[in-house]
Amino acid sequence: MNTITIKAVRSDILYKKIMEAPIEKRDDIYRFEFMQPFEKKWAKYHCPLKAKQPNGYDVVMASSMLGYLSPQKIDASLKDKINLLGDETFWEMCQQAIEKSFKCFVDAGVELPIKEYLFTIMMSDPESPYSIMCDNCCGDGGIPGYIFGSLVPSEYTMSRMPAVLAHETNHNVRFQFEKWTNDITFGAYMISEGLAENFATSIYGEEYLGPWVTKTDMQMLNEYIKPLIRDALTVQGFENISAYMYGDELAKMRNFFPVGLPYCAGYACGYYLIKHYLRKTGKSIVEATLTSSEEILKETGEFWNEETVYGA
Numbered sequence: 518m519n520t521i522t523i524k525a526v527r528s529d530i531l532y533k534k535i536m537e538a539p540i541e542k543r544d545d546i547y548r549f550e551f552m553q554p555f556e557k558k559w560a561k562y563h564c565p566l567k568a569k570q571p572n573g574y575d576v577v578m579a580s581s582m583l584g585y586l587s588p589q590k591i592d593a594s595l596k597d598k599i600n601l602l603g604d605e606t607f608w609e610m611c612q613q614a615i616e617k618s619f620k621c622f623v624d625a626g627v628e629l630p631i632k633e634y635l636f637t638i639m640m641s642d643p644e645s646p647y648s649i650m651c652d653n654c655c656g657d658g659g660i661p662g663y664i665f666g667s668l669v670p671s672e673y674t675m676s677r678m679p680a681v682l683a684h685e686t687n688h689n690v691r692f693q694f695e696k697w698t699n700d701i702t703f704g705a706y707m708i709s710e711g712l713a714e715n716f717a718t719s720i721y722g723e724e725y726l727g728p729w730v731t732k733t734d735m736q737m738l739n740e741y742i743k744p745l746i747r748d749a750l751t752v753q754g755f756e757n758i759s760a761y762m763y764g765d766e767l768a769k770m771r772n773f774f775p776v777g778l779p780y781c782a783g784y785a786c787g788y789y790l791i792k793h794y795l796r797k798t799g800k801s802i803v804e805a806t807l808t809s810s811e812e813i814l815k816e817t818g819e820f821w822n823e824e825t826v827y828g829a
């Protein structure tokens, strides 16, 4: 039976507890109260809740690397932002966004293998390159069963979170059918992001397109980005894929080899490639989400030689 449940881990309550705790206890509250419900998600990254050695790799270190606010930085200076994050209407809006997103697939007759989903909203570190590049609002839904939104709390970022959660829910569905592998190609990764962003805008409208798309102009896309990306679709390896997805700025920050691309070139290209695919095939975004990367690439060969225009 295709009945699913979606539960929230209320981060505002836990951030407040961390804020009020002695500094030496903050890391363990973060590990064992906040992140423990997501232990299986972290295990997919081979990341324990607590390292065996002092200062070893665990969820505290990994969270900081991914752009989330370290528990050591949760103090009284963030009280107003934590209170803002605790808005009941906001949490209801987030819950409804995920429910609405899954309903698109359930109503289309898609039988989801995973029936229980857990989500939370993380606080982003405003000094993190990831936060800065994403205008302080992004997410993570790559591990089926778990969805993170992340933001620096503000009226603006909170208003955009439902679209972000729709994007991440799309990942959650797709990776139940097209399994993630460590040898994923750049082309497949780009397609998954293009599908997710088209899904989000199918629900919330193009005014909620993320900066990873809107900051790319069409001349740059057609004359510079598409020719470079077309020749890199089979590239593998996280550091290489990241360089093509995020562009040179982040590549340099992470000591990856830059490939000559601007901000989030891969995200923008993926978005317009999927728009092209949907228009050409007449498929719905729900159908496309369950279509293999190989088939999508086979159907979109002409995309690389045609001029893409905004909205097309």
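Note that the numbering used here has the sequence shown beginning at 518, numbered continuously upward. Glycine residues also receive a C-beta, built at the ideal position from the N, C-alpha and C atoms.
Asked, Found
"Which residues DSSP lists as bridging A525, in chain order", "F636"
"Bounding residues of the beta strand (DSSP E) (the contiguous stretch that carries I664)", "Y663 to L668"
"Cβ-based burial, R796 [other Cβ within 10 Å; buried from 16]", "exposed"
"Whether G711 touches D642 by CB criterion (7 angstroms)", "no"
"Proximity below 7 angstroms, CB of N715 to CB of I802", "yes"
"Under the three-state DSSP convention, the category D657 falls into", "strand"
"Presumed contact (8 angstroms Cβ cut-off) between T686 and I791, rounded CB distance", "Not really, about 16 angstroms apart at Cβ, beyond 8 angstroms."
"Contacting residues, own chain, Cβ-Cβ under 6 angstroms from I911 (five flanking each side not counted)", "What is shown of the chain runs 518 to 829, which leaves residue 911 out entirely."
"In DSSP terms, what S641 is bridged to", "Y585"
"At least 3 beta-carbon pairs within less than 8 angstroms: the region 699-709 vs the region 746-762", "yes"
"Simplified DSSP assignment, three categories, for Q553", "helix"
"Whole-angstrom C-beta distance between E633 and G662, which should lie under 8 angstroms", "7 angstroms"
"Bridge-paired residues (DSSP) for Q612", "Its beta-bridge partners do not exist; DSSP assigns none."
"Straight-line gap, H793 to C611 (C-alpha atoms, nearest Å)", "29 angstroms"
"For I599 and F636, believed in contact at Cβ under 8 angstroms, the rounded distance", "Wrong, their Cβ atoms sit about 18 angstroms apart, outside the cutoff."
"Assigned secondary structure, T702 (DSSP; H/G/I helix, E/B strand, else coil)", "strand"
"CB contact check: V690 to chain C, cutoff 7 angstroms", "This model lacks chain C altogether; it includes just one protein chain."
"Length of the line joining the Cα atoms of P565 and M578", "10 angstroms"
"Inter-residue Cα distance where the pair is D624 and R691", "16 angstroms"
"Limits of the alpha helix (DSSP H) - the one that A680 falls within", "E672 to F694"
"Bounding residues of the alpha helix (DSSP H) (the contiguous stretch that carries E823)", "Where E823 is concerned, there is no enclosing alpha helix (DSSP H), given that its DSSP letter is neither H nor E."
"Backbone secondary structure at Q570 - three-state DSSP", "coil"
"Residue of M552, I708 and Q736 minimising C-alpha distance to E816", "I708"
"Distance between beta carbons of L602 and I837, contact taken as under 8 angstroms", "Only positions 518 to 829 of the chain appear in the structure, and residue 837 is not among them; the question remains open."
"Span separating the alpha-carbon of V776 from that of K533", "42 angstroms"
"Extent of the continuous alpha helix (DSSP H) to which A538 belongs", "No alpha helix (DSSP H) contains A538, which DSSP labels as neither H nor E."
"Short Cβ contact (7 angstroms threshold) for A680 with Y647", "no"
"CB of S581 within 7 angstroms of CB of S587, strictly", "yes"
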